[in-house]
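A.B. asks: For the sequence shown, the residue numbers in my numbering are 94 to 415.
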Amino acid sequence: MPKIAFLWPEVEFRALGLTAPSGYTMNFGRAGVRAEAEAASINADYIISASGSGTVDAALLGLAPKTRLVQLTGAGYDNVDRHECARLSIPVAYMPGLNAPSVAQTVVQMAFRLRRPLTLLTRGGAEEWTAARANNITGHELNGRVGVIGFGHIGRAVASLFIGLGLEVVRAAHVKQADPFVHALSLEELISTSDIIVVALPATTKTKNLIDTSLLSLIKPGAILLNCGRGGIVDEAALSVLIETGRLAGAGFDVFEQEPLPKSHPFLSLPSECRHRVILTAHVAGQTTESKRRNFSIALDNVGRVARGEPPLYQLDPPASE
């Protein structure tokens, strides 16, 4: 019976009401826990892995010499050795845009929280009520210009939500991306004029360290920066300095250059009076019940397509042809 290595916790798969396809066995293991990923992948015919967690490399593929498909459950594919997959003639497929609504909503949620923190009531009574009103941090409306860097599925979803909230949205100019309703600016002008900067870029050789010290020095005083793309695109150490000095009003990061986030990260070393201006999440912006169900279902459908001799949906081109 063909075997699927499903590199996600089994409890998350079952919680969605999903079951193994008829005629297949499934072995589960967390992609980010190497021992579990290896155990699940031994002699697998199909490998379905989380994006941005763990690595599907030559060593893992060596445990599954009959692999017919490497399927990612997200938009990222930087954790797969695509050169090795190409050498072995293994197709690699991903999920472009299927988690875009979840990621975009997380971005807007971060923006609201940074611009207008809420003092929450937990006990009730006059004492807490009075203290909460006295200690309430006066916030701001979401207004001004939103600059989106990276206008793929996620960037477009982010733009749509902010436009719906009545904000002006601009995008970084790119030769392969066009939108008649969202004005394109140079990266320098976007960063220097935007009140909210959203980074929604994939990790590539061209985007690595793109938002460096030089570009960050152009940031409009009082702006906030949100990164929902990939780590390693924004100079995180330089950004932490802008937060500490007050040049940057706030930052929200779901992705980091090093994951898991190390305890020594400069964001975690900020003075206590600055910490409320930073929101850090564990690369979970795209993980909602709805997005997981979409991604997992299509991933399993792709197994069936490959088994029937058909190409998988959303197959990536071999790296040499990019």
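The beta-carbon is built from N, C-alpha and C at its ideal position, and this holds for glycine as well. This structure is a prediction, so every number in the text was calculated from the model and none was measured.
Given a cut-off of 8 Å on the beta-carbon distance, is the pair P184 and G397 in contact?
C.D. replies: no
A.B. asks: Once you ignore the five residues that flank S195 on each side, which residues in its own chain have a CB closer than 8 Å to its CB?
C.D. replies: A378, G379, Q380, T381, E383, S384
A.B. asks: On the DSSP bridge assignment, give the partners of Y139 in chain order.
C.D. replies: I97, L162
A.B. asks: Around the C-beta of K299, are 16 or more other C-beta atoms found within 10 angstroms, so that it is buried, or is it exposed?
C.D. replies: exposed
A.B. asks: Assess, as a yes-or-no matter, whether the stretch 286-305 is touched by the stretch 241-254 under the definition of 3 or more beta carbon pairs within less than 8 Å.
C.D. replies: yes
A.B. asks: Determine the DSSP secondary structure at L409, reduced to helix, strand or coil.
C.D. replies: Per DSSP, reduced to three states, the secondary structure at L409 is coil, with no helix or strand assignment.
A.B. asks: Buried or exposed: where does N320 fall if 16 or more other Cβ atoms within 10 Å of its Cβ makes it buried?
C.D. replies: Buried, because 16 or more other Cβ atoms sit within 10 Å of the Cβ of N320.
A.B. asks: Give the C-beta separation of V399 and R161 to the nearest angstrom, bearing in mind that I take them to be a contact with Cβ-Cβ under 8 Å.
C.D. replies: 5 Å
A.B. asks: Less than 8 Å separating the beta-carbons of R34 and I312?
C.D. replies: Outside the shown range of the chain, which is 94 to 415, sits residue 34, and nothing can be said about it.
A.B. asks: Cutting at 6 Å between CB atoms, please list the residues of its own chain near L254, excluding the five before and the five after it.
C.D. replies: Contacts found: A197, V201.
A.B. asks: Which one or two residues does DSSP pair with V241 in a beta bridge?
C.D. replies: DSSP lists R264, V291 as partners of V241.
A.B. asks: My output table needs one value for L109: the three-state DSSP class, helix, strand or coil.
C.D. replies: coil
A.B. asks: Can you tell me the Cβ-Cβ gap for A266 and L278, rounded? I've got them flagged as a contact below 8 Å.
C.D. replies: Separation of the CB atoms of A266 and L278 is rounded to 6 Å, and the pair is thereby assigned contact status at 8 Å.
A.B. asks: Can you give the Cα-Cα distance for H376 and T199, rounded to whole angstroms?
C.D. replies: 11 Å
A.B. asks: With distance defined between alpha-carbon atoms, name the residue in G122, M94, Y117 nearest to F106.
C.D. replies: G122
A.B. asks: Can you pull the DSSP bridge partners for Q270?
C.D. replies: H267
A.B. asks: How far does the alpha helix (DSSP H) with A132 in it extend, from its first residue to its last?
C.D. replies: 127-134
A.B. asks: Check the DSSP bridge columns for H276 and list the partner residues they point to.
C.D. replies: V263
A.B. asks: Going by C-alpha distance, which of H369, S144, N136 is nearest L153?
C.D. replies: N136
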